[in-house]
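I have placed the structure first, in the form of structure tokens, so that the comments after it can refer back to it.
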Amino acid sequence: MRNNPQPRPTSAANSCFDARSYWETRLQEYPGLCGVGNTCLGRSYIQWLYKVRRAVFLRLLASLRTDFRAARVFDVGAGTGFYLELWKQVGVSSVAGCDLTEIAVARLRSILPWARILRLDIGETLPSSERGCYDIVSAFDVLFHIVEDKLYERAVRNLCSLLRPGGLLLFSDLLPRNGALRAEHLTFRPLEEVTALLGRTGFEVVGRVPMFVVMEEPLDSTSQWYHFLWKLMTYPVKRSELAGFLIGGMLYPLELILTNVCEESSSTEIVICYKRHEEAIPR
Numbered sequence: 000m001r002n003n004p005q006p007r008p009t010s011a012a013n014s015c016f017d018a019r020s021y022w023e024t025r026l027q028e029y030p031g032l033c034g035v036g037n038t039c040l041g042r043s044y045i046q047w048l049y050k051v052r053r054a055v056f057l058r059l060l061a062s063l064r065t066d067f068r069a070a071r072v073f074d075v076g077a078g079t080g081f082y083l084e085l086w087k088q089v090g091v092s093s094v095a096g097c098d099l100t101e102i103a104v105a106r107l108r109s110i111l112p113w114a115r116i117l118r119l120d121i122g123e124t125l126p127s128s129e130r131g132c133y134d135i136v137s138a139f140d141v142l143f144h145i146v147e148d149k150l151y152e153r154a155v156r157n158l159c160s161l162l163r164p165g166g167l168l169l170f171s172d173l174l175p176r177n178g179a180l181r182a183e184h185l186t187f188r189p190l191e192e193v194t195a196l197l198g199r200t201g202f203e204v205v206g207r208v209p210m211f212v213v214m215e216e217p218l219d220s221t222s223q224w225y226h227f228l229w230k231l232m233t234y235p236v237k238r239s240e241l242a243g244f245l246i247g248g249m250l251y252p253l254e255l256i257l258t259n260v261c262e263e264s265s266s267t268e269i270v271i272c273y274k275r276h277e278e279a280i281p282r
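Here the sequence shown is numbered in numbering that gives the first Met the number 0, starting from 0 and rising by one per residue.
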């Protein structure tokens with residue numbers, strides 16, 4: 000039995016949070032995909048979640064009808080290297096990435112020698128050598144872990160700075176419609192607020208697609224039944240790896256269908272943006 004509950008987001012403000020220390024400790028304790036997922040759901044279920052992420056990511060890239068072979072890609076918050084490897088699979092020209100933790104950077108440099116890995120906090124000052132160098136920047140499950148609003152705004156400006164004009168930004172987030180949701184190590188900011196910030200920074204948002212519909216907690220849903228069904232479904236998942244494997248396997252094909260037909264979800268979505276050709280706001 001596992002007993003490692005994650006704090007549920009609320010509307011309360013965050014106290015001072017040391018992100019680097021938090022993630023160094025967490026990745027030491029939980030190496031691999033479990034360390035960057037909701038640990039109370041267990042390794043087996045989390046592996047199914049990453050199968051969904053892979054399928055949705057590749058489907059999205061196919062829908063963009065773009066030849067990625069000449070693209071230079073930078074992945075923010077590379078963590079385990081999951082998306083670095085997917086970008087390589089797509090066949091892009093070059094792949095670079097960053098993480099704020101020493102443990103992740105050391106591991107990535109060891110297992111992915113073909114990728115250039117930087118130790119970098121995207122909410123801090125960006126090296127001038129990285130500005131305007133990339134055709135694509137990805138930031139999956141990263142931005143909502145920046146709990147301080149000023150650092151979040153700087154991170155978005157840095158994402159814009161990394162890209163050449165016309166470059167593509169893909170990031171995943173949960174964007175609530177009814178106010179921010181906050182916990183110790185994460186903040187989900189409202190859709191309107193994030194969209195406005197992206198526009199001010201120099202991005203044009205062209206779309207959103209669901210990353211999950213039923214396999215992650217529906218934090219943005221106002222339906223009590225939806226929340227009840229989530230708790231009922233995850234009760235055995237949180238207590239048994241076998242249950243996590245079986246339930247995840249049953250939900251996986253349904254999730255692939257729902258993420259393909261639904262236009263939005265009450266859980267994680269992928270936001271698709273392009274950097275406008277005119278100058279972004281001063282950095």
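All C-beta atoms in this analysis are idealised placements derived from N, C-alpha and C, irrespective of residue type, glycine included.
Candidates Arg71, Trp224, Arg188, Leu169: closest to Arg207 by CA position: The candidate whose alpha carbon is nearest that of Arg207 is Leu169.
- Specify, as a first and last residue, the run of the alpha helix (DSSP H) that Val89 falls within. 81 to 89 is the extent of the alpha helix (DSSP H) around Val89.
Requested in this report: Specify whether the segment 155 to 167 and the segment 123 to 140 touch according to this definition: at least 3 beta carbon pairs, one from each stretch, less than 8 Å apart.
Outcome: Between the segment 155 to 167 and the segment 123 to 140, the count of C-beta pairs closer than 8 Å reaches three or more; the two stretches touch.
At least 3 beta-carbon pairs within less than 8 Å: the segment 189 to 207 vs the segment 238 to 249:
Fewer than three pairs of CB atoms, one per stretch, sit closer than 8 Å, so the segment 189 to 207 makes no contact with the segment 238 to 249.
Over the uninterrupted beta strand (DSSP E) stretch that includes Ile269, give me the two end residues.
Note, Ile269: beta strand (DSSP E), 268 to 274.
Checklist entry - Exposed or buried, what is Gly131 when buried is set at 16 or more other beta-carbons lying within 10 Å of its beta-carbon? => result By the neighbour-count rule (16 or more Cβ atoms within 10 Å), Gly131 is not buried but exposed.
Report task. Would you mind giving the Cβ-Cβ distance between Leu57 and Leu83, rounded to the nearest angstrom? I have them listed as a contact below 8 Å. Result -> Going by Cβ atoms, the distance from Leu57 to Leu83 rounds to 14 Å, so no, they are not a contact pair.
For this session: Look at the alpha carbon of Ser264 and the alpha carbon of Val212, and state the distance between them as a whole number of angstroms.
Result: Approximately 5 Å, taken between the alpha carbons.
message = Strictly by DSSP, which residues pair up with Asp120?
response = Asp120 has no beta-bridge partner at all, per DSSP.
* Could you pull out every unbroken beta strand (DSSP E) segment of at least 3 residues lying fully inside the segment 37 to 102, listed in chain order? => Correct list: 71 to 75, 93 to 98.
Can you tell me the Cβ-Cβ gap for Glu254 and Val51, rounded? I've got them flagged as a contact below 8 Å. Indeed, because the Cβ distance is near 5 Å, the residues count as touching under 8 Å.
Open item on the list: Helix, strand or coil, according to DSSP, for Ile256 in the structure here?
Closed with: Annotated three-state conformation of Ile256 is helix, per DSSP.
Q) Since Phe187 sits in a beta bridge, which residues does DSSP pair it with? A) Looking at the DSSP assignment, Phe187 forms a beta bridge with Leu180.
request  = Output yes or no for whether 7 Å exceeds the beta carbon distance between Gly90 and Asp74.
outcome  = No, they are not a contact pair.
To which residues of the same chain is Trp229 closer than 7 Å at the C-beta, ignoring the five residues directly before and after it? The answer, listed in chain order, is Glu216, Pro217.
Self-check item: Nearest-angstrom Cβ-Cβ length linking Thr141 and Arg118, presumed shorter than 8 Å
Solution: The question names Thr, but residue 141 is Val in the sequence shown. Actually they do not touch by this definition, with Cβ atoms about 15 Å apart.
Return the first residue and the last residue of the alpha helix (DSSP H) that Asp148 is part of. Residues 148 to 161.
**Message:** My output table needs one value for Ser10: the three-state DSSP class, helix, strand or coil.
**Reply:** Any reading at Ser10 needs caution, since the residue's pLDDT is 48, under 50, leaving its predicted position unreliable; the model's value is listed next. Collapsing the DSSP output to three states places Ser10 in coil.
Taking the beta carbon of Leu231 as the centre, do at least 16 other beta carbons fall within 10 Å, making it buried, or is it exposed?
With a threshold of 16 other beta carbon atoms within 10 Å, Leu231 falls short and is exposed.
- Query: Do the segment 172 to 179 and the segment 22 to 30 make contact, defined as three or more Cβ pairs closer than 8 Å?
  - Reply: Using a Cβ-Cβ distance cut-off of 8 Å, the segment 172 to 179 and the segment 22 to 30 are not in contact, since fewer than three pairs of beta carbons, one from each stretch, lie closer than that value.
In this structure, does DSSP put Glu203 in helix, strand or coil?
Taken through DSSP and simplified to helix, strand or coil, Glu203 comes out as strand.
Just to confirm before moving on: does the CB-CB distance between Arg71 and Ser93 stay below 7 Å?
Yes, Cβ-Cβ distance for Arg71 and Ser93 is below 7 Å.
Q: Return helix, strand or coil for Pro164, following the three-state DSSP convention.
A: DSSP places Pro164 in strand when its eight states are reduced to three.
What would DSSP say about Arg238, mapped onto helix, strand or coil? In the structure shown, Arg238 falls within a coil segment according to DSSP collapsed to helix, strand and coil.
- prompt: What does Tyr133 pair with, by DSSP beta-bridge criteria?
  reply: In the DSSP output, where bridge partners are listed per residue, Tyr133 has Leu162.
Discussion item. Would Phe139 and Ser171 qualify as a contact pair, given that the criterion is a beta-carbon distance under 7 Å?
Written reply: Judged by beta-carbon spacing, Ser171 lies within the 7 Å limit of Phe139, meaning their Cβ atoms are closer than that value.
Original post:
Between Asp98 and Leu107, which are expected to be in contact by the criterion C-beta below 8 Å, what is the C-beta distance as a whole number of angstroms?
Top reply: Indeed they touch by this definition, with Cβ atoms about 7 Å apart.
- Message: Distance check for Glu129 and Ser222, CA to CA, integer angstroms please.
- Response: Using only the alpha carbons, I get a separation of about 44 Å.
| task | Under the assumption that His184 contacts His144 (Cβ atoms under 8 Å), give the Cβ distance between them as a whole number of angstroms. | result | About 6 Å separates the two Cβ atoms, so the contact holds.
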